[in-house]
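Q: What follows is a structure written as structure tokens; I'll ask about it next.
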């Protein structure tokens, strides 16, 4: 498994050494800001391959794979100690079907994001091993393989986001059920549970004309964050709303929207390059 890295010196593949003592094809001194930025871009565009490399290093955990900056930190440390190398392109460890499946998966995630909507419900396509870890900390349903294959295929074919037919076919063939044998390469589609039916409102909770006026006065805000190349820039955010309410979350696909907020000033805090940057609106 290898990740393609682009920097000022050219294109390289980040991978495990294939022989003892193998050195990187390019010299660098850590910390190297340009290299870290190249790694961050690679993690954003090829999360599946990055997860696989981190798993090979024995560093896989839900906390790390949910935070791109932590993933970059693991990869940088592995480079520092020679557990990973930057090799010349085309010099990768192998070109087996697993690599091609991960490449197809990375293409899908780059096009649709780590989470995408189908029928107003959030879906996540993840590796089988990741699915087990994710479901321990979050309430997701597992979509049966046949249905998941149809959802992924339909999502690609009904969108304007191009994905080569051979890659799509390879990806759908790699979608399995969660009960697939341990160690078998495959991807699982997770679906956020549907919202439960609302209970009957008490007299105190009923919508009165006065409450309706307050609801009508509420507004919404939409924020888009991209990098200098106009690409999506996933990161954690904290939004301080009028009235003291604070909402937090993760920007997955560069855009997020908050509804039902009171008029007034909002303060957005995001984590970018380890510095807190603030905007007011």
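Numbering (this note's numbering), first residue to last: 3 to 283. Glycine is no exception: its CB is placed at the ideal position from the N, C-alpha and C atoms.
(1) Quick check: the Cα distance between residue 264 and residue 252, rounded to an integer number of angstroms?
(2) Please classify residue 129: does DSSP put it in a helix, a strand, or coil?
(3) Got a sec, what are the start and stop residues for the beta strand (DSSP E) residue 120 sits in?
(4) Quick check: the Cα distance between residue 148 and residue 66, rounded to an integer number of angstroms?
(5) Look up residue 5 in the DSSP assignment and give the residues it is bridged to.
(6) Taking C-beta to C-beta, are residue 89 and residue 17 nearer than 9 Å?
(7) Is the distance from the Cβ of residue 258 to the Cβ of residue 230 below 9 Å?
(8) Would you call the CB atoms of residue 112 and residue 47 closer than 9 Å?
(9) By a C-beta neighbour count over all protein chains shown, 10 Å radius and 16 as the cutoff for buried, is residue 13 buried or exposed?
(10) Using only CA atoms, which one of 50, 106, 122, 158 lies nearest to residue 131?
(11) For residue 266 and residue 240, what's the separation of their Cα atoms in angstroms?
(12) Under three-state DSSP, which class holds residue 280?
(13) Does residue 259 come out as helix, strand or coil in the three-state DSSP assignment?
A: Walking through what the data contain:
(1) If you number the chain shown from 1, residue 264 lands on position 262. If you number the chain shown from 1, residue 252 lands on position 250. Those two C-alpha atoms are separated by around 22 Å.
(2) Taking the first residue of the chain shown as position 1, residue 129 is located at position 127. Of the three classes helix, strand and coil, the one that applies to residue 129 here is strand, per DSSP.
(3) For this step, residue 120 is matched to residue 118 along the chain shown. According to the DSSP assignment, residue 120 belongs to the beta strand (DSSP E) that extends over 118-120.
(4) For the purposes of this step, residue 148 is taken as residue 146 along the chain shown, with counting starting at 1. For the purposes of this step, residue 66 is taken as residue 64 along the chain shown, with counting starting at 1. Roughly 30 Å separates the two Cα atoms.
(5) Residue 5 sits at position 3 when you count from the first residue of the chain shown. Answer is 16.
(6) Residue mapping note: residue 89 aligns to position 87 of the chain shown, counting from 1. Residue mapping note: residue 17 aligns to position 15 of the chain shown, counting from 1. For the pair residue 89 and residue 17, the CB atoms are nearer than the 9 Å cut-off.
(7) Your numbering for residue 258 matches position 256 in the chain shown. Your numbering for residue 230 matches position 228 in the chain shown. Pairing residue 258 with residue 230 gives a Cβ-Cβ distance that is not under 9 Å.
(8) For this step, residue 112 is matched to residue 110 along the chain shown. For this step, residue 47 is matched to residue 45 along the chain shown. With respect to the 9 Å criterion, residue 112 and residue 47 are classified as neighbours on the basis of their beta carbons.
(9) As a working mapping, residue 13 is identified with position 11 in the chain shown. Result: exposed.
(10) Here the question's residue 131 lines up with position 129 in the chain shown. Nearest of 50, 106, 122, 158 to residue 131, Cα basis: 50.
(11) Position 264 of the chain shown, counted from the first residue, corresponds to residue 266. Position 238 of the chain shown, counted from the first residue, corresponds to residue 240. One C-alpha to the other measures close to 17 Å.
(12) For the purposes of this step, residue 280 is taken as residue 278 along the chain shown, with counting starting at 1. For residue 280, the pLDDT reaches just 42, beneath the cut-off of 50, and the residue's location in the model is therefore unreliable, although a value from the coordinates is still provided. Judged by DSSP in its simplified three-state form, residue 280 adopts strand.
(13) Numbered from 1 along the chain shown, position 257 holds the residue referred to as residue 259. If DSSP states are grouped into helix, strand and coil, residue 259 belongs with the strands.
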